[in-house]
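When the letters of the sequence shown are read in order and numbered with the working numbering, they come out as residues 1271 to 1757. By construction, the Cβ of each residue, glycine as well, lies at the ideal position given by its N, Cα and C atoms. Accompanying notes for the structure given below.
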Amino acid sequence: MVDQSLMTLKVRSYLGALSRNACDMLIRNLEASRERGDTDPQVELILDAARPLLRKRAGNDQPRAHRKNLLKRAIFLPLEPYLITEELPRKLPGRIRRARLDAMWTWVERDVMPDSIAEAQTLLAQSDYDPDVVGRTAQKLREVVVAAIGDVLEEARGPGVAHQRVAYRVGGEDVLSELGDIHGILKADAVLEGFATNLPPVITRRSFATREASKTRAQVIDALKLVVDDHPGHVGWLAAILLWRCDDPALLARIAGAATGLAQPQAIHSGPYAEMVEIALSELRRYVLMAQEAVTDAAAEEPAHGVEWQSEAVVVAVSRYHDQFREMRTGIDLREVSEWRQELERINRDMADVICGQISEAHRHIHKALQVPREAEEGGFGPDVAAAATSYRALRVLYIACKSPDMLAVSETVTKARRAIEQVLDIASRSLVDELRAAVGARREALKAALDRAIAYAAIVFGDDYVEVLKKRRTAVIGEERRPLAS
């Protein structure tokens, strides 16, 4: 069993190497996952390890940036369920890119109410940023922001030059494209908050897995219809709120079917709840974007600064994608609607590229990770850290791909990768065993660690039988001596 304190120290080391924004984003995502009912002990481990680091950073920043940003965050607080970090291919209701709020705030602070904001910041400082004072002040200023957004949206409907002038003023065309969504959400805040209040804390797949009525199912559908009957244009925003409560984003399609009355894709597509499926598909697309970004970041990072975290981010994104994609094919089969089928195919092709990129060269990284230099180098006889992290990531991605290679459209690459990896592990383990017979001192320990690493790699993909083969080779040369388990 891995020592808990050691794991905590490792997690803190990884988090400490991240940028402030990356660390904050990770914690927000994990806390949102826990709010949706995720009881994964790894989530709790990371959050527990992160708290001292966050307190330290908060203490350093509190007098300046953190407190100064409290007003902005409080004004935009109703937008939180709709914010995403990724850039989707097209704008959808209820999907607002978080980065756009910074540009929007610059416009508000500069053009809309500079004096009011300055006075508010003074008031908050005098109250020592009392939460009640922050909330009341933000509510008053939010009303001014909503009115200002309404004015610029009206102005932007004018001739081309007027539209361009407005876009330039608010921070660009991208920001302007979000303002309609932001304006609508803030205006409908009371209705949307009432909807969220009427929902159960967690919506599970079991609640919508059958046609049988359940308390949760009835509660969700009643709350949904109560709003949509009076406000049919709010469906996209309601779907974004539901995402926060669902343990699986693919549940949105089942909820749309239950609300429509017919769990048939064509009926959903032509009904008032079609946007819920669009939001579910966008969540699938987000997993692809997360994986792509994490792969890029992992390649750019120095071995000692964040490779492990970025590797974990790739694996998590691929795993969640796999589970949601499978649910979308086995639940309500969205492929019956050509528009949704084409979107699923585009998304799956992009994720297949990510998966294939990770596993096709895995054998080369594994070979490098299992090398032990004959002469001690600057880091002693230790392994190539980047190659070891890349190997571990690739093998975990391969494990996920092996579950459903046909569904993920990676069958041929999976077959080739498994064959190449098995060959590398076989050759490398034999070579390590041969070298162990004559090795002494630090190099002998490094060879034993490399052999343990080969066994750990094999355990991820090839199962107990092949692992036993490698263990027997190890035992044959060094006996049954006690050794640390690979984590």
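Residue 1598 holds the alpha-carbon nearest to the alpha-carbon of residue 1533 among 1469, 1508, 1593 and 1598. Here DSSP, grouped into helix, strand and coil, assigns residue 1354 to strand. The C-beta separation of residue 1730 from residue 1678 comes to about 17 Å, leaving the pair out of contact by the 8 Å criterion. Nearest in C-alpha terms to residue 1445, of all of 1505, 1506 and 1376, is 1376. Taking C-beta atoms as the reference points, residue 1629 and residue 1687 count as a pair closer than 8 Å. Beyond the five residues adjoining it in sequence on each side, residue 1440 comes within less than 8 Å, by CB distance, of 1373, 1374, 1377, 1422, 1446 and 1449 in the same chain, given in chain order.
Distance from the CA of residue 1341 to the CA of residue 1613, rounded to the nearest whole angstrom, comes to 39 Å. Excluding five sequence positions before and after residue 1706, the CB atoms of its chain that fall closer than 6 Å to its own CB belong to 1717 and 1747, given in chain order. For the options 1685, 1737, 1700 and 1642, the alpha carbon positioned closest to that of residue 1715 is the one of 1642. Cβ contact annotation for residue 1694 (same chain, cutoff 6 Å, sequence separation greater than five): 1633, 1636 and 1637, in chain order.
Residue pairing by DSSP puts residue 1516 in a beta bridge opposite 1473. Runs of the alpha helix (DSSP H) lying entirely within the region 1610-1685, each at least 4 residues long, are 1632-1639 and 1655-1673 in chain order. The way I'd put it, the region 1487-1497 doesn't touch the region 1400-1411; fewer than three beta-carbon pairs between them come closer than 8 Å. Taking the CA atoms as reference points, residue 1656 sits about 11 Å from residue 1663. Residue 1414: member of the alpha helix (DSSP H) spanning 1401-1426, first to last residue.
Apart from the 5 residues on each side of it in sequence, residue 1457 sits with its Cβ closer than 7 Å to the Cβ of 1416 in its chain, given in chain order. Within its own chain, the residues whose Cβ lies closer than 8 Å to the Cβ of residue 1690, once the five positions on either side in sequence are excluded, are 1632 and 1633, listed in chain order.
In the same chain as residue 1348, and ignoring 5 residues on each side of it, the C-beta atoms closer than 7 Å to its own belong to 1455, 1456 and 1459, in chain order. Counted as a single uninterrupted DSSP element, the alpha helix (DSSP H) harbouring residue 1460 occupies residues 1459-1468. Of all C-beta pairs linking the region 1592-1611 to the region 1516-1532, three or more are shorter than 8 Å, placing the two stretches in contact.
Excluding five sequence positions before and after residue 1379, the CB atoms of its chain that fall closer than 7 Å to its own CB belong to 1387, given in chain order. In the DSSP annotation of this structure, the continuous segment of the alpha helix (DSSP H) that includes residue 1711 starts and ends at 1711-1731. Contact between residue 1522 and residue 1493 is ruled out by a C-beta separation of about 14 Å, above the 8 Å threshold. Using a Cβ distance threshold of 8 Å, residue 1424 and residue 1432 do not count as a contacting pair.
Around the CB of residue 1594, 16 or more other CB atoms lie within 10 Å, so the residue is classed as buried. Taking the Cα positions, residue 1504 is about 44 Å away from residue 1660. Taking a contact as a CB-CB distance under 8 Å, the pair residue 1556 and residue 1356 counts as one, their CB atoms being some 5 Å apart. Membership of residue 1602 in any alpha helix (DSSP H) is not indicated, and neither H nor E is assigned to it by DSSP.
Here the alpha carbon of residue 1640 sits roughly 14 Å from the alpha carbon of residue 1744.
Cα atoms of residue 1548 and residue 1721: separation of roughly 48 Å, rounded to the nearest angstrom. Residue environment: residue 1506 is assigned as buried (16 or more neighbouring CB atoms within 10 Å of its CB, all protein chains considered).
Per DSSP, reduced to three states, the secondary structure at residue 1367 is strand. Per the C-alpha coordinates, the member of 1409, 1735 and 1511 positioned closest to residue 1553 is 1511. Taking C-beta separations shorter than 6 Å and ignoring five residues to either side along the sequence, the partners of residue 1351 in its chain run 1510, 1511 and 1514, following chain order. Nearest Cα to residue 1583 within the set 1560, 1592, 1742 and 1569: 1560. Residue 1651 is a Cβ neighbour of residue 1712, given a cutoff of 8 Å.
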